[in-house]
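The next block holds one structure in the form of structure tokens; read it before the comments.
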Amino acid sequence: MEQWFGFTRNHDDGIGHFAQGFVPAIIAREVLLRRSPLTTGKWLFTIVTALCLAISACYEFVEWFSAVIGGSSADAFLGTQADVWDTQWDMLMAFIGAMTAHDLIRLTIRNGRVVSEERLLEPSVGRVRSIAESPDGLLYIGTDGGQLLELSPSRPTE
Numbered sequence: 002m003e004q005w006f007g008f009t010r011n012h013d014d015g016i017g018h019f020a021q022g023f024v025p026a027i028i029a030r031e032v033l034l035r036r037s038p039l040t041t042g043k044w045l046f047t048i049v050t051a052l053c054l055a056i057s058a059c060y061e062f063v064e065w066f067s068a069v070i071g072g073s074s075a076d077a078f079l080g081t082q083a084d085v086w087d088t089q090w091d092m093l094m095a096f097i098g099a100m101t102a103h104d105l106i107r108l109t110i111r112n113g114r115v116v117s118e119e120r121l122l123e124p125s126v127g128r129v130r131s132i133a134e135s136p137d138g139l140l141y142i143g144t145d146g147g148q149l150l151e152l153s154p155s156r157p158t159e
């Protein structure tokens, strides 16, 4: 990643912490929707996000405890790279991953810049049951609430 983006330090562990927020958010959302009285909305959003941050914080405690036990030999494992804010950056990446798992957004990028964004599924849609693509490129999405949604590609703007 350093070569691709010109970073001065190794950000590979940021990808792992992003996934540490993204993957549990998807799993927690599904479990809570199926096994609890929660429905889509602010409470589900808040609980799922808080759960992902708690998981990430527990991992940071494991890293800290490893440093205490391992002493200086744990530095290679931790990968802090002399950044005193490494734990906070890790938690931020997990938070961004958890937030990303809540929405499906289409970004239009021109000359390396985001020029527009479109939210494809609003939170009120609920849990997606299935997705199918028609031969003409339309996406059909079935939800738990019995809705059948049709997504069509937006026309390019020039």
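Here our numbering = 1-based position in the sequence shown + 1.
Ideal Cβ placement from N, Cα and C applies to all residues, glycine included.
Gly138 is classed as exposed because its beta carbon has fewer than 16 other beta carbons within 10 Å across all chains shown.
Shown here, Gly113 sits in coil according to DSSP, grouped into three states, outside any helix or strand.
The three-state reading of DSSP puts Val85 in coil, since its state is none of H, G, I, E or B. Val116 and Ile70 have their C-alpha atoms spaced approximately 49 Å apart.
DSSP lists Tyr141 as the bridge partner or partners of Glu151.
Around the beta carbon of Arg35, fewer than 16 other beta carbons lie within 10 angstroms, which makes this residue exposed. Boundaries around Ser57 are those of the alpha helix (DSSP H), Lys43 to Gly71, since no beta strand (DSSP E) includes it. In the same chain as Ala133, and ignoring 5 residues on each side of it, the C-beta atoms closer than 7 Å to its own belong to Tyr141, in chain order. Counting of Cβ neighbours within 10 angstroms places Ser57 among the buried residues, the total reaching 16 or more. Leu150 and Ser131 have their C-alpha atoms spaced approximately 11 Å apart. Met94 and Ile28 have their C-alpha atoms roughly 18 Å apart.
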